[in-house]
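Read through the structure below, which is laid out as structure tokens, and then see the notes.
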Amino acid sequence: MSGKEVENMIIIGGGPAGYTAALYASRAELNPLVFEGFQWGGQLQNTTEVENYPGFPEGIMGPEMMTRFREQAERFGTRFVTDDVDRVELGDGGIQKVYLGDEEYLTKSVILSMGAEPRRLGIPGEMELMGRGVSTCGVCDGAFFKSRKTMVIGGGDSAMEDAVFVSKFASELNLVHRRNEFRASAIMQDRAEATPNINLMTPYSPEEFIAGEDGSLASVRLRHSDTGETSEVAVDGAFVAIGHIPRSEVVTGQVGTDDEGYVVTEAGSTKTNLQGVFAVGDLVDHTYRQAITASGSGCQGALDAEWYLRDTEF
Ligand code: NAP
Numbered sequence: 255m256s257g258k259e260v261e262n263m264i265i266i267g268g269g270p271a272g273y274t275a276a277l278y279a280s281r282a283e284l285n286p287l288v289f290e291g292f293q294w295g296g297q298l299q300n301t302t303e304v305e306n307y308p309g310f311p312e313g314i315m316g317p318e319m320m321t322r323f324r325e326q327a328e329r330f331g332t333r334f335v336t337d338d339v340d341r342v343e344l345g346d347g348g349i350q351k352v353y354l355g356d357e358e359y360l361t362k363s364v365i366l367s368m369g370a371e372p373r374r375l376g377i378p379g380e381m382e383l384m385g386r387g388v389s390t391c392g393v394c395d396g397a398f399f400k401s402r403k404t405m406v407i408g409g410g411d412s413a414m415e416d417a418v419f420v421s422k423f424a425s426e427l428n429l430v431h432r433r434n435e436f437r438a439s440a441i442m443q444d445r446a447e448a449t450p451n452i453n454l455m456t457p458y459s460p461e462e463f464i465a466g467e468d469g470s471l472a473s474v475r476l477r478h479s480d481t482g483e484t485s486e487v488a489v490d491g492a493f494v495a496i497g498h499i500p501r502s503e504v505v506t507g508q509v510g511t512d513d514e515g516y517v518v519t520e521a522g523s524t525k526t527n528l529q530g531v532f533a534v535g536d537l538v539d540h541t542y543r544q545a546i547t548a549s550g551s552g553c554q555g556a557l558d559a560e561w562y563l564r565d566t567e568f
């Protein structure tokens, strides 16, 4: 599958947005080709139970959910390449080029759905204890910490939102931020400050996530930003909410991106600044970043691309 054959649609990225775009495009008989990435499934591959996706009243494990998304797209003829795209040559209309190594793929339309990844602290224990007490998504995992001691790390709106959400379940929650001033909007900060079981701890930076005997998170070592003094705080759950990084590197400089690297789309659509190139999911979404919103956006991308193909002469 290479050389001079021209695809109708190439979808880059295999998370909820990409697979939903593939489902719609394949049902529209566009025979899409998905470059789903070596680690297909996106952020849901690192999630345990998903309880907030409608249609799964008993909940579903993140990886299982992504397998089902993939199978549903496959059922209608979607083809997959389980590898990461190395390079693209995107233009304003016409035939677009996508490369795996030296192998060139030609296509009439492209849907970008590479997603975003949570920014990490990069401290010991963070990756090892991910899913065993450490999480990057309070809204996803907060409910697993009923009557437990928790911590949220960060000083932006995401941290405030996670703190307020998780505090509904947790017995107590320390909100840890590296500076005394918060980046969050006043209203979000006020809400967190007004919550009785949220305790603001500033200025502290986490230095290490420490496991207990059972192998799950037991405490976090914090370092005071001014004095350098360290202390250990016992917690069962810690939520790292220090922002996200859109995975736009492969298209940077070709498709319009904003200051933070998110791909910019026309208001109310998935159109980028280049005709025939559409962007969906967390790659464009500063705010919602849920599986359900990414899926919805993937559907929009497939419809926008379908209409583009219908109305364009090649
Ligand atoms: P953000 O605004 O970029 O805030 C990230 C926070 O993490 C900052 O306080 C930053 O500290 C801290 N941080 C970054 N790297 C760190 C590190 N290595 N160690 C310790 N702390 C670190 O990101 P966000 O909170 O995810 O928000 C992103 C956007 O979504 C914002 O525009 C926000 O308003 C929006 N949002 C809105 C809502 C809502 O309105 N409901 C909810 C969530 C998000 P410094 O402040 O020191 O840089």
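Here the sequence shown stands for residues 255 to 568, where the numbers follow this note's numbering. Glycine included, every Cβ here is placed at the ideal spot set by N, Cα and C.
Helix, strand or coil, according to DSSP, for residue i in the structure here?
{"i": "Ser256", "result": "Because Ser256 carries a pLDDT of 47, less than 50, the predicted location of this residue cannot be relied on, and the following value inherits that uncertainty. Three-state DSSP puts Ser256 in coil, outside helix and strand."}
{"i": "Tyr562", "result": "helix"}
{"i": "Val420", "result": "helix"}
{"i": "Met569", "result": "Nothing about residue 569 can be reported from this structure: the residues present for the chain run from 255 to 568 only."}
{"i": "Gly491", "result": "strand"}
{"i": "Arg281", "result": "helix"}
{"i": "Phe398", "result": "helix"}
{"i": "Ala521", "result": "coil"}
{"i": "Val505", "result": "helix"}
{"i": "Ile314", "result": "strand"}
{"i": "Ser439", "result": "coil"}
{"i": "Ala276", "result": "helix"}
{"i": "Glu514", "result": "coil"}
{"i": "Cys553", "result": "helix"}
{"i": "Arg475", "result": "strand"}
{"i": "Thr526", "result": "coil"}
Grab me the residues of residue i's own chain with a C-beta within less than 6 angstroms of its C-beta, minus the 5 sequence neighbours each way, in chain order.
{"i": "Gly409", "result": "His431, Phe436, Arg437"}
{"i": "Ala397", "result": "Phe423"}
{"i": "Glu415", "result": "none"}
{"i": "Gly515", "result": "Pro500, Ser502"}
Going by the CB atoms, is the gap between residue j and residue i shorter than 8 angstroms?
{"i": "Tyr359", "j": "Ile264", "result": "yes"}
{"i": "Glu520", "j": "Ala279", "result": "no"}
{"i": "Val517", "j": "Ala271", "result": "no"}
{"i": "Val375", "j": "Ile407", "result": "The displayed chain sequence assigns Leu, not Val, to residue 375. A contact, by the Cβ cut-off of 8 angstroms."}
{"i": "Phe463", "j": "Gly379", "result": "yes"}
{"i": "Lys351", "j": "Ala488", "result": "no"}
{"i": "Gly369", "j": "Phe493", "result": "no"}
{"i": "Leu476", "j": "Val388", "result": "no"}
{"i": "Val474", "j": "Ala446", "result": "no"}
Can you list, in chain order, the residues of its chain with a C-beta nearer than 7 angstroms to that of residue i? Leave out the 5 residues immediately preceding and following it.
{"i": "Asp558", "result": "Ser523, Thr524, Lys525, Phe532"}
{"i": "Gly295", "result": "Gly268, Gly269, Pro317, Met320"}
{"i": "Gly355", "result": "Asp340"}
Taking buried to mean at least 16 other C-beta atoms within 10 Å of its own C-beta, is residue i buried or exposed?
{"i": "Val654", "result": "In this structure the chain extends from 255 to 568, so residue 654 is not present and cannot be described."}
{"i": "Lys362", "result": "buried"}
{"i": "Val335", "result": "buried"}
{"i": "Asp480", "result": "exposed"}
{"i": "Tyr542", "result": "exposed"}
{"i": "Thr332", "result": "buried"}
{"i": "Ser485", "result": "exposed"}
{"i": "Asp565", "result": "exposed"}
{"i": "Gln554", "result": "buried"}
{"i": "Arg324", "result": "buried"}
{"i": "Asp444", "result": "exposed"}
{"i": "Ala440", "result": "exposed"}
Are the C-beta atoms of residue i and some chain D residue less than 8 angstroms apart?
{"i": "Val388", "result": "Among the protein chains of the structure shown there is no chain D, as only one such chain exists."}
Once the 5 residues before and after residue i are set aside, which same chain residues still bring their CB inside 8 angstroms of it?
{"i": "Leu298", "result": "Gly269, Pro270, Val304, Gly316, Pro317, Met319, Met320, Ala545"}
Please specify which runs of the beta strand (DSSP E), each continuous and at least 3 residues long, are wholly inside the segment 329 to 371, giving them in chain order.
333 to 335, 341 to 343, 350 to 354, 357 to 366
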